[in-house]
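Numbering (the UniProt record's numbering), first residue to last: 1 to 247.
Virtual Cβ for every residue (Gly too), placed ideally from N, Cα, C.
This structure is a prediction, so every number in the text was calculated from the model and none was measured.
Here's the structure we're looking at; comments come further down.
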Amino acid sequence: MSGNALYTDLSGYYDLMCADIDYASQSHCVQRLQQLFGNGGKRHLDLACGTGPHVRHFLDAGYVSSGLDINQPMLDRAAQRCPEARFARQDMCGFQVDEPLDLITCFLYSIHYSASIERLKACIASVHHALAPGGVFCFNAVDKQRIDNASFVSHSAQHGEGQFRFSSGWFYRGEGEQQALRLRIERTVAERTEVWLDEHPMVAVSFAELQTLLAPYFEVQVLEHDYQRLTPWDASSGNALFACSKR
1 MSGNALYTDL SGYYDLMCAD IDYASQSHCV QRLQQLFGNG GKRHLDLACG TGPHVRHFLD
61 AGYVSSGLDI NQPMLDRAAQ RCPEARFARQ DMCGFQVDEP LDLITCFLYS IHYSASIERL
121 KACIASVHHA LAPGGVFCFN AVDKQRIDNA SFVSHSAQHG EGQFRFSSGW FYRGEGEQQA
181 LRLRIERTVA ERTEVWLDEH PMVAVSFAEL QTLLAPYFEV QVLEHDYQRL TPWDASSGNA
241 LFACSKR
């Protein structure tokens, strides 16, 4: 089954797949980053918003929040979760907005869904164009040079009569601008187990390359991938938060 097909077919299980994510802490952390580096405005857009859990937290914090995604079933669920928000089916590598925004976010490493360096450049340019003066772009990323192909994260969850186990890990062959997010989904019902294997094509980029791409548009702060405290990136870990203030 192709990546897009799996993503669509399992849209109803997306929240279950992400059940171990602390959306509240992630959203609050980015709000702090905007207070430190941004213009203090409340107009927010979440790229690759999925079913809208981050948008929900921004709305509850007083933001005028919206989201975009390329997957309509995800957007349909986001609209149910956040009826007061606006959602649009758009490509994050070439989107338009009706008015300038103060904060644009892209959580869960979704910036890598750009899939190529050229599309990543287009995404960065689109974000810069959509931001108001002093606006901030916040996202997390993984450095291709620090990927451990043998490392996976997993969690299990009960849904209806089935037990689910979700595993994911990065894979980079060591050269080029392509890496993959490999997924394994197991569903066990009455001692019968079904398994889905999937591989999402992602753009591979080092943090040095990423900072070079961002530099013409933004003042860039690179922070440790820690949503509980804000500390500068130690230049050795393979995951980081980027807080980018519009030039």
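Residue pairing by DSSP puts LYS246 in a beta bridge opposite PHE218. Judged by beta-carbon spacing, ILE104 lies beyond the 8 Å limit of PHE58, meaning their Cβ atoms are not closer than that value.
Each residue's CA atom was taken as its position, placing ALA150 and SER156 some 20 Å apart. In the three-state DSSP reduction, ILE104 falls in the strand class (E or B).
Taken in chain order, the complete alpha helix (DSSP H) segments of 4 or more residues contained in the region 141 to 220 are 207 to 214. Around the beta-carbon of THR231, fewer than 16 other beta-carbon atoms lie within 10 Å, marking it exposed. Per DSSP, the unbroken beta strand (DSSP E) holding LEU47 starts and ends at 43 to 47.
LEU131 counts as buried, since no fewer than 16 other beta carbons sit within 10 angstroms of its beta carbon. Excluding its 5 nearest sequence neighbours in each direction, HIS159 has C-beta neighbours in its own chain below 6 Å: LEU16, listed in chain order.
DSSP places ASP60 inside the alpha helix (DSSP H), whose first and last residues are 53 to 60. ILE185 places its beta carbon less than 8 Å from that of PHE164.
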